[in-house]
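Trainee:
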Amino acid sequence: MFETDIKYGYIAGEDRFFFIQSVLDVYDRSVIAYHMGLSCEAKDASRTIQQALFKRQLFGTDTLPVLRSDNGPQFTSHHFTQACETFGIVHERIPPRTPNMNAHIEAFHRILEDECLARYEFMSYAEAYQVVTEFIRFYNERRIHSSICDLAPQEFYALQTERKFAIREVRV
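Using UniProt numbering, read the sequence shown as starting at 1 and increasing by one per residue.
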């Protein structure tokens, strides 16, 4: 299962917001793909889902993930619905006011806020882009997670694909 949501950050030097749409694999907690920009429209969200599927080499397979999101306008749009149908994935939207049903991506966005966005006062979009990109790389490659046996997501994923690690059931 993949979860996706949108988080925003603030650029103090430009007095405007930027947006981050993340796609997270619930099983290994990896941020597989993300869009970062001064806007985030349905076409951006669709492209990010497509990137996630490409990165996990899931096009043309019988094992496409379910995609879970909230009811944001990007995810309820006709464009996004059509993209999900084209990609062959099931898009599951959580009921309004139930962020706990999208808990994994919400937890990642809280970590992103606490460990990255709240620690910087960005003066430009370029600076914000660089810092957030570096943080997501750190999160995937080095930040350990107790839910995946105190491994970093990328390490856990690599062990799983090599079948060098016992698979355990994930509660969703």
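Cβ coordinates follow ideal geometry from the N, Cα and C atoms, glycine included.
Predicted, not measured: the structure shown is a model, and the values here were computed from it.
Rank Ile89, Arg110 and Ala45 by C-alpha distance to the C-alpha of Pro99 and give the top, closest one.
Mentor: Position 99 of the sequence shown holds residue 99. Cα-wise, what sits closest to Pro99 is Arg110.
Trainee: Contact defined as beta carbons within less than 8 Å: I believe Tyr139 pairs with Val31. What is the distance between those atoms, to the nearest angstrom?
Mentor: Position 139 of the sequence shown holds residue 139. Position 31 of the sequence shown holds residue 31. About 6 Å; that satisfies the 8 Å criterion.
Trainee: Where Cys40 and Gln21 are concerned, what is the direct C-alpha to C-alpha distance, given to the nearest angstrom?
Mentor: In the sequence shown, residue 40 corresponds to position 40, counting from 1. In the sequence shown, residue 21 corresponds to position 21, counting from 1. Computed Cα separation, rounded: 7 Å.
Trainee: When DSSP labels each residue in this structure, what does Ser124 get in the three-state scheme?
Mentor: If you number the sequence shown from 1, residue 124 lands on position 124. Three-state result, Ser124: coil.
Trainee: My output table needs one value for Ser77: the three-state DSSP class, helix, strand or coil.
Mentor: Translated into the one-based positions of the sequence shown, residue 77 becomes position 77. Ser77: coil per DSSP, three-state reduction.
Trainee: Is the CB-CB distance between His80 and Ala45 below 8 Å?
Mentor: Residue 80 sits at position 80 when you count from the first residue of the sequence shown. Residue 45 sits at position 45 when you count from the first residue of the sequence shown. Here residue 80 turns out to be Phe, not His, going by the sequence shown. In this structure, Ala45 lies closer than 8 Å to Phe80 by Cβ.
Trainee: Check whether the Cβ atoms of Ile6 and Phe19 lie closer than 8 Å to each other.
Mentor: Here residue 6 refers to the residue found at position 6 when the sequence shown is read from its first residue. Here residue 19 refers to the residue found at position 19 when the sequence shown is read from its first residue. Yes, Cβ-Cβ distance for Ile6 and Phe19 is below 8 Å.
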